[in-house]
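2 protein chains.
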Amino acid sequence: MTESKSFLVVGGGAVGSIFAWRLQEGGSNVALICRSNYQTVLDNGFKIKSHQFGTATFNPNKVYTSAAQASAQGQKYDYILICTKSLPNRYNPADVLDGLDVADSTIVLIQNGIGIEDPFYKKFPNAAIISSITYIDTKQVESGVIEHGISADLSYGLYDPENRISSKHTADQILNSLHHCLVQGKINSKINHNIQTERWYKLCWNASFNPISVVAGASNTVQLLSDPKMHALIATTMREIISVGEAYVGMPLSDKLPSDQIPESYISFTKMRPDPVYPSMMVDFINKRPMEHQVILKNPIDIAKSLNIKVPTLEFIYTFVSFLENKHLQ
Amino acid sequence: MTESKSFLVVGGGAVGSIFAWRLQEGGSNVALICRSNYQTVLDNGFKIKSHQFGTATFNPNKVYTSAAQASAQGQKYDYILICTKSLPNRYNPADVLDGLDVADSTIVLIQNGIGIEDPFYKKFPNAAIISSITYIDTKQVESGVIEHGISADLSYGLYDPENRISSKHTADQILNSLHHCLVQGKINSKINHNIQTERWYKLCWNASFNPISVVAGASNTVQLLSDPKMHALIATTMREIISVGEAYVGMPLSDKLPSDQIPESYISFTKMRPDPVYPSMMVDFINKRPMEHQVILKNPIDIAKSLNIKVPTLEFIYTFVSFLENKHLQ
Numbered sequence: 023m024t025e026s027k028s029f030l031v032v033g034g035g036a037v038g039s040i041f042a043w044r045l046q047e048g049g050s051n052v053a054l055i056c057r058s059n060y061q062t063v064l065d066n067g068f069k070i071k072s073h074q075f076g077t078a079t080f081n082p083n084k085v086y087t088s089a090a091q092a093s094a095q096g097q098k099y100d101y102i103l104i105c106t107k108s109l110p111n112r113y114n115p116a117d118v119l120d121g122l123d124v125a126d127s128t129i130v131l132i133q134n135g136i137g138i139e140d141p142f143y144k145k146f147p148n149a150a151i152i153s154s155i156t157y158i159d160t161k162q163v164e165s166g167v168i169e170h171g172i173s174a175d176l177s178y179g180l181y182d183p184e185n186r187i188s189s190k191h192t193a194d195q196i197l198n199s200l201h202h203c204l205v206q207g208k209i210n211s212k213i214n215h216n217i218q219t220e221r222w223y224k225l226c227w228n229a230s231f232n233p234i235s236v237v238a239g240a241s242n243t244v245q246l247l248s249d250p251k252m253h254a255l256i257a258t259t260m261r262e263i264i265s266v267g268e269a270y271v272g273m274p275l276s277d278k279l280p281s282d283q284i285p286e287s288y289i290s291f292t293k294m295r296p297d298p299v300y301p302s303m304m305v306d307f308i309n310k311r312p313m314e315h316q317v318i319l320k321n322p323i324d325i326a327k328s329l330n331i332k333v334p335t336l337e338f339i340y341t342f343v344s345f346l347e348n349k350h351l352q
Numbered sequence: 023m024t025e026s027k028s029f030l031v032v033g034g035g036a037v038g039s040i041f042a043w044r045l046q047e048g049g050s051n052v053a054l055i056c057r058s059n060y061q062t063v064l065d066n067g068f069k070i071k072s073h074q075f076g077t078a079t080f081n082p083n084k085v086y087t088s089a090a091q092a093s094a095q096g097q098k099y100d101y102i103l104i105c106t107k108s109l110p111n112r113y114n115p116a117d118v119l120d121g122l123d124v125a126d127s128t129i130v131l132i133q134n135g136i137g138i139e140d141p142f143y144k145k146f147p148n149a150a151i152i153s154s155i156t157y158i159d160t161k162q163v164e165s166g167v168i169e170h171g172i173s174a175d176l177s178y179g180l181y182d183p184e185n186r187i188s189s190k191h192t193a194d195q196i197l198n199s200l201h202h203c204l205v206q207g208k209i210n211s212k213i214n215h216n217i218q219t220e221r222w223y224k225l226c227w228n229a230s231f232n233p234i235s236v237v238a239g240a241s242n243t244v245q246l247l248s249d250p251k252m253h254a255l256i257a258t259t260m261r262e263i264i265s266v267g268e269a270y271v272g273m274p275l276s277d278k279l280p281s282d283q284i285p286e287s288y289i290s291f292t293k294m295r296p297d298p299v300y301p302s303m304m305v306d307f308i309n310k311r312p313m314e315h316q317v318i319l320k321n322p323i324d325i326a327k328s329l330n331i332k333v334p335t336l337e338f339i340y341t342f343v344s345f346l347e348n349k350h351l352q
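In order, the protein sequences belong to chains A and B.
Just so it is clear: in the first sequence, position 202 is 224 by the working numbering, and no numbers are missing.
Just so it is clear: in the second sequence, position 192 is 214 by the working numbering, and no numbers are missing.
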């Protein structure tokens with residue numbers, strides 16, 4: 023477990039840059055694919071101010087503009103971290119790896135929502151897929167300048183519904199080796215064999231606060247929760263997610279909290295935060311960028327339909343969010 | 023029926039000015055209470071361009087700024103037409119008549135929504151109350167300048183749940199005399215003893231297109247109906263109104279159309295209009311004016327609750343409309 027691993031991080035935004043930085047600090051070799059901030063990062067690296075890890079300039083071992091460029095010398099990577107938004111309604115998210123040989127790689131998806139693994143699993147039958155959830159407070163305040171708070175957690179497990187990886191030994195090795203690299207970089211790393219359950223648990227927040235903040239005229243969490251009717255609507259939305267999620271994964275979403283207490287627990291936690299939260303979907307909306315409503319809302323709605331569970335609130339919200347996006351992007 | 027009747031019209035906007043004008047043209051004596059356009063109307067009258075009735079300058083017999091002023095010489099009125107928005111969540115709508123002796127008057131409410139009569143019925147036990155619905159395409163394009171289309175209809179009936187007017191003769195006289203004055207002014211006048219049924223029928227449009235246009239980012243009817251999901255949501259909203267309305271009035275909302283065909287009929291009719299419709303609530307929203315969500319949404323929701331009928335779509339829309347209004351008016 024002491025050999026150095028090679029990482030390719032796709033997406034040099036607020037999330038990708040922190041993981042890339044921590045992995046490099048932990049001793050891994052880290053290449054990074056950037057889009058809008060490519061030239062800035064190539065010239066000056068990232069300027070990172072982190073409450074947890076201190077201030078630093080981070081220069082990736084390599085900076086590329088595309089996967090094709092990242093594989094130019096036949097380069098292969100042990101782990102490929104996908105730190106982009108998942109927008110399957112606009113293009114195939116797995117196309118981001120076009121031009122790269124991923125046959126022996128493990129693709130680690132650091133994305134929110136449900137069904138994000140499917141495009142990668144279909145397109146790359148010879149790669150291992152890890153599904154992960156991050157809890158991290160980070161933002162890119164200007165091109166190449168990252169402000170990070172006090173958390174950088176990654177929970178993850180294998181995604182392999184067809185049991186392509188038949189050997190438990192191989193599976194464990196893939197997970198443990200990633201864990202080792204993350205821990206070396208001081209990431210709070212947690213292997214979770216019920217990662218889908220955790221995805222749905224996190225979705226409670228993402229499928230409620232995120233799109234509701236958009237439909238409510240780009241309002242932050244403090245504004246939303248100051249209205250008792252909106253508070254109730256957020257809780258109703260979470261309850262719908264919980265009912266679908268628990269039917270889908272076949273177990274309670276939390277082992278610490280009874281399911282009916284999850285909504286108020288999430289809401290209290292959100293209320294206690296010192297500053298209002300501007301959900302990422304709302305920030306995308308304000309900046310007229312596409313929103314992740316397919317994996318946050320539409321895929322869960324489709325699963326609900328397949329399970330014959332009514333989710334009227336999710337459908338309302340999805341109708342308005344997708345309508346508003348169309349209007350913005352036209 | 024040939025004696026001249028005296029009218030006081032409260033609200034010199036697009037609706038009030040047309041009714042006042044037509045009544046005066048029909049031979050009635052018409053005083054008008056204006057707010058923002060008072061000075062303009064006092065100095066120059068209304069400039070009216072009507073497809074149906076032609077072009078004219080309309081000078082009311084009297085122009086006032088308040089009911090108190092309108093009763094300064096002890097003046098009384100046979101009919102008082104209320105042509106203002108109904109905003110019981112902001113103030114008592116009946117307060118608009120403060121200072122006026124209405125004991126022998128008939129108050130004609132030309133307003134949309136449900137429960138608009140209640141504040142007047144409670145405050146003025148000695149006045150007769152007429153509940154009416156207008157179908158009129160008119161707008162005030164600038165202060166005192168009115169553009170009117172090809173319809174000016176009024177349907178109405180007595181509002182008297184406590185049977186205060188015990189004599190059928192008196193009731194008929196009140197209605198017939200108003201009918202006569204309106205017909206003289208070429209208004210398409212229709213006495214409807216089931217006026218509450220017609221209110222709910224019209225509410226199908228008002229409770230759907232109006233608030234949905236607001237929540238959908240101030241979108242007009244063409245924009246809304248170009249999205250199949252939004253089309254479906256509008257129909258669902260109408261179906262909820264129909265189910266509550268029919269349970270409440272105890273009869274079908276239409277005698278021409280099966281109830282389940284009302285939504286698509288309304289939607290087709292809206293689609294066929296030559297120009298997009300900018301619903302009045304959306305225009306109020308854009309101009310940061312209070313919206314009539316209490317009588318259009320909240321009162322119907324409360325009635326649904328009292329009848330144990332589920333109206334999740336109405337509640338959802340009401341939550342967002344009232345939230346967005348609070349945000350705008352803060």
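We put the beta carbon where it would ideally sit given N, CA and C, even for glycine.
Distance CB(residue i)-CB(residue j) smaller than 7 Å
{"i": "Y101 of chain B", "j": "T128 of chain B", "result": "yes"}
{"i": "E114 of chain B", "j": "P82 of chain B", "result": "Before going further, note that residue 114 of chain B is Asn rather than Glu in the sequence given. No, Cβ-Cβ distance for N114 of chain B and P82 of chain B is not below 7 Å."}
{"i": "G207 of chain A", "j": "L351 of chain A", "result": "no"}
{"i": "N228 of chain A", "j": "Y300 of chain A", "result": "no"}
{"i": "G179 of chain B", "j": "N321 of chain B", "result": "no"}
{"i": "M1 of chain A", "j": "V236 of chain A", "result": "Coverage of chain A is limited to positions 23 through 352, which leaves residue 1 of chain A absent and any answer about it impossible."}
{"i": "I284 of chain A", "j": "I263 of chain A", "result": "no"}
{"i": "N111 of chain B", "j": "Q316 of chain B", "result": "yes"}
{"i": "M260 of chain B", "j": "S230 of chain B", "result": "yes"}
{"i": "A90 of chain A", "j": "A53 of chain A", "result": "no"}
{"i": "V32 of chain B", "j": "L64 of chain B", "result": "no"}
Residue-chain proximity (residue i, chain B), Cβ-Cβ < 7 Å
{"i": "D65 of chain A", "result": "no"}
{"i": "M23 of chain A", "result": "Its pLDDT being 47, under 50, M23 of chain A is placed unreliably in this model, and the value from its coordinates should be taken loosely. No, M23 of chain A does not count as interfacial toward chain B."}
{"i": "D249 of chain A", "result": "yes"}
{"i": "G239 of chain A", "result": "yes"}
{"i": "S341 of chain A", "result": "The amino acid at residue 341 of chain A is misidentified as Ser; the sequence shows Thr. Yes, T341 of chain A lies at the interface with chain B (some Cβ there is under 7 Å from its Cβ)."}
{"i": "F142 of chain A", "result": "no"}
{"i": "F345 of chain A", "result": "yes"}
Residue-level contact to chain A via CB, residue i, 7 Å cutoff
{"i": "K349 of chain B", "result": "yes"}
{"i": "M252 of chain B", "result": "yes"}
{"i": "T243 of chain B", "result": "no"}
{"i": "F338 of chain B", "result": "yes"}
{"i": "L197 of chain B", "result": "no"}
{"i": "F231 of chain B", "result": "no"}
{"i": "L255 of chain B", "result": "yes"}
Exposure label - residue i; buried when at least 16 CB within 10 Å
{"i": "E164 of chain B", "result": "exposed"}
{"i": "N148 of chain A", "result": "exposed"}
{"i": "S153 of chain A", "result": "buried"}
{"i": "L200 of chain A", "result": "buried"}
{"i": "F68 of chain A", "result": "buried"}
{"i": "H73 of chain A", "result": "exposed"}
{"i": "N309 of chain A", "result": "exposed"}
{"i": "F291 of chain B", "result": "exposed"}
{"i": "E25 of chain A", "result": "exposed"}
{"i": "M313 of chain A", "result": "buried"}
{"i": "V205 of chain B", "result": "exposed"}
{"i": "D126 of chain A", "result": "exposed"}
{"i": "H170 of chain A", "result": "buried"}
{"i": "G272 of chain A", "result": "exposed"}
ask   = What residues in the segment 305-335 of chain B bring their beta carbon closer than 8 Å to a beta carbon of chain A?
value = So the close ones are P334, T335.
ask   = the segment 275-303 of chain A: which residues have C-beta closer than 9 Å to a C-beta of chain B, in chain order?
value = For the segment 275-303 of chain A, no residue has a beta-carbon sitting nearer than 9 Å to a beta-carbon of chain B.
task = Note down, one range per segment and in chain order, each alpha helix (DSSP H) of at least 4 residues found wholly within the segment 218-297 of chain A.
result = Segments of the alpha helix (DSSP H) lying fully in the segment 218-297 of chain A: 231-237, 243-247, 250-271, 284-294.
key: Contact residues within the segment 74-104 of chain A, judged by C-beta distance below 9 Å to chain B   = Listed by position along the chain: nothing, the set is empty.
query = Enumerated in chain order, which unbroken segments of the alpha helix (DSSP H) with a length of 4 residues or greater are wholly contained in the segment 56-110 of chain B?
reply = When DSSP assignments are scanned along the segment 56-110 of chain B, the uninterrupted stretches of alpha helix (DSSP H) that are 4 or more residues long and fall wholly within it turn out to be 60-66, 89-92.
request  = List in chain order: all unbroken beta strand (DSSP E) runs of 3+ residues lying wholly within the segment 150-203 of chain B.
outcome  = Segments of the beta strand (DSSP E) lying fully in the segment 150-203 of chain B: 150-164, 167-180.
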